[in-house]
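Numbering (the working numbering), first residue to last: 1 to 749.
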DNA sequence: GCTATCAGGCTACCT
DNA sequence: ACAGGTAGCCTGATAGCG
């Protein structure tokens, strides 16, 4: 590896230091730069080293201005002095070092082979409790290291103490002395391991490389000094290829998706209790470790690649988010071009980001074109037939936003908002000698935004272009090799272009956001989507079914792909008067049933039914609803009678568990505006009161509706169920498969 | 006093 | 603190009705 294993900032004697781990050795050095921020004015009243710097401000790229750089001893100081007059004041220090001195971290490479420890634990849960607590014993631990030979320790059925098991595992842990600890859900496994050790008076200091006790913070942030914790669940959570393909982002679902094969079925929670101390539980536990390293193999290459490619320590690469990716990629360009972001989008574009909003969550500017159409319903009685489309095609743009950004030269050095006109729903382009002027109607701003773009390469658009080219190469390679690692690299570049470069532009508070790009990209994107709709409607009248951002579903018995593409290219050039690299793919589906925007089912050519949207597959639904949707979907697509299915479900003769709905606690319990107004907070409070479960963000509560109101599954009796409520649920779902064709057509065509 | 409707709050999902 | 967009379900307030 060309970078260190981990780097953390720390303050010593009032100065910023960097704690660096590489090749098993630890050093603490003075940070190579002091934390700092910029401003246009001098702050004489604070204790800072002030230097002058001439640079191009983001707000007006063509005019160099004088900035004052205020260097202060610690990160805390930057935070203290942060105000509307300070710039680039919210960049994590570790990344500030990376941006300013791009080769700094590569001076401390971890060159030895990385030692891994994979592990997974199973824990006892009290009957009727929702989750195990730190008071519950660990029943089984499986682990392995680089050789992938799985070891397992477990306790007997009647053994109430996990002390010996923990001792054995901690000894193994110390013996393996891993650089990288690999788990699925680090916020569960690691705190549980540590807390259980504490309960058993086993010293956890030795788990860290330095002898510093592992840290389990208030917000369950975990850290083991000298080691990197790689949480595969984080990769699974952010994995775009999974969306629409798995029911949840759990270990089982995701590993199954990536081809995990096992003779054993996963155990139910009840079985996991019944099988304590048996081979069955041990095998299950070991299977989870096999799943773990299968997924590790899917994601690791990309992380390792990122660490070296972006020149960041491994501990940053394992939890790299879009914000940080944007800071690095865009920050590199800013450094090379001598650009300073003189304020955030919110400060520079108050017209967009500080508007008086009707609702708290209103968006800042208009986004994608989204909607459903209904075509040619001349026989309104023929609903079930007329809402079936066979075959169904999806025409979609590849990487639409990044391609727009690159093809239209959208970049801070080329693009600026010159005027806000009163709203006129007519996208217009003026071609002036050395620039294009785009009139972008924005129905959120209720203005037409006039955006000028110079006819020249922009530095950010060129960067996006590089990412797209690399992506195309990896994609081509993947098609040849079918190696998931090539696919991962291709996705890596897509993510970089999408979120890391385009995504941050519309952010109100990101240090390097640049709103004109975001407004222009979305505006042009809407035009592109509409263009595609128009072409399809022209060639195949009344064929368009649904549009979402960059994809259009349409139906036609036979299509002529070449004709579509030719027309597309011609119209595209005509409209934008420019050589563009926008391209479309057209993929077939056997059939589909469309309910509402973003909500539909598709049958692929090989017969698999794919469910889209919250109405079709929300995790909050109960088994009853989920099964009914599946049964009705199959019946609908097969043109079978649905009456027997409906009758069966209306009897409501199912076990209590099948009635349980799920809701996730999304915020801290104190943040709820009205604690009674949300099922999540109500269930969290019930669980706290009756089951002694601490309310934590991310907890999922299973609840049912009884005649007394909403109750946790664990506290409810089947005889108390509010059956009319569930009958209502069933009727709603039945209508979903019948009423779709009655929905009104949007009047766009 | 009852019911229908709406707005606000929140979660889940799509691109 | 990457973005916007659609949809569903809950509660409480309010309008409309008799």
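A virtual CB, placed ideally from N, CA and C, is assigned to each residue, including glycine.
- Contact between the segment 615–628 and the segment 572–587 is absent: fewer than 3 CB-CB pairs across the two stretches fall below 8 Å.
- C-alpha of residue 209 to C-alpha of residue 474: approximately 38 Å in a straight line.
- The way I'd put it, the segment 448–466 does touch the segment 498–518; three or more beta-carbon pairs between them come closer than 8 Å.
- Take the alpha-carbon of residue 11 and the one of residue 726: they are about 58 Å apart.
- In the structure shown, residue 257 falls within a helical segment according to DSSP collapsed to helix, strand and coil.
- When DSSP states are grouped into helix, strand and coil, residue 573 belongs to the helix group.
- Our two residues, residue 272 and residue 281, have alpha carbons roughly 6 Å apart in a direct line.
- Here residue 395 is bridged, per DSSP, to 552, 586.
- In this structure, 224 is the residue among 129, 122, 224 with its C-alpha nearest to the C-alpha of residue 174.
- Note on the segment 311–380: whole alpha helix (DSSP H) runs with a minimum of 4 residues are 314–317, 322–337, 345–348, 350–353, in chain order.
- In the DSSP assignment, residue 79 falls within the alpha helix (DSSP H) that extends over 75–81.
- One Cα belongs to residue 18, the other to residue 70, and the distance between them is close to 20 Å.
- A straight line joining the alpha-carbon of residue 109 with that of residue 316 spans about 14 Å.
- With 16 or more other Cβ atoms inside 10 Å of its own Cβ, residue 207 counts as buried.
- Taken in chain order, the whole beta strand (DSSP E) runs of length 3 or more contained in the segment 83–127 are 116–123.
- Per DSSP, the continuous alpha helix (DSSP H) segment holding residue 516 begins and ends at 515–539.
- Contact between residue 326 and residue 512 holds, with the beta-carbon distance rounding to 6 Å and staying under 8 Å.
- DSSP places residue 13 outside any alpha helix (DSSP H), giving it a letter other than H or E.
- Remark: C-beta atoms of residue 74 and residue 115 do not approach each other more closely than 9 Å.
- Straight across, the Cα-Cα distance linking residue 703 with residue 394 is about 38 Å.
- With contacts defined by Cβ atoms closer than 9 Å, residue 78 and residue 49 do not form a contacting pair.
- Taking C-beta atoms under 8 Å as the contact rule, residue 683 and residue 528 fail to qualify, at a distance of about 44 Å.
- Between residue 729 and residue 712, the gap from beta carbon to beta carbon reaches 9 Å or more.
- One Cα belongs to residue 681, the other to residue 192, and the distance between them is close to 25 Å.
- Note on the segment 146–183: whole alpha helix (DSSP H) runs with a minimum of 4 residues are 163–176, in chain order.
- Shortest Cα-Cα distance from residue 89 to any of 714, 510, 549, 642 involves 510.
- Residue 131 sits in coil when the DSSP states are folded into three classes, being neither helix nor strand.
- Contact check for residue 118 and residue 296: beta-carbon distance about 7 Å, within the 8 Å limit, so the pair qualifies.
- The beta carbons of residue 229 and residue 186 sit about 5 Å from each other, so the pair counts as a contact at 8 Å.
- If you compare the alpha carbons of 459, 222, 437, 36 with that of residue 523, the shortest gap goes to 437.
- In terms of Cβ geometry, residue 152 and residue 161 do not form a close pair [threshold 9 Å].
- Setting aside the 5 residues that flank it on each side, residue 124 is surrounded in the same chain by 132, 136, 137, 138, 139, 273, 276, each with a C-beta closer than 8 Å to its C-beta; the list follows chain order.
- Residue 28 counts as exposed, since fewer than 16 other beta carbons sit within 10 angstroms of its beta carbon.
- Residue pairing by DSSP places residue 142 opposite 120, 152 in a beta bridge.
- In this structure, residue 35 lies away from residue 342, with their beta-carbon atoms at least 9 Å apart.
- In this structure, residue 106 sits near residue 2, with a CB-CB distance shorter than 9 Å.
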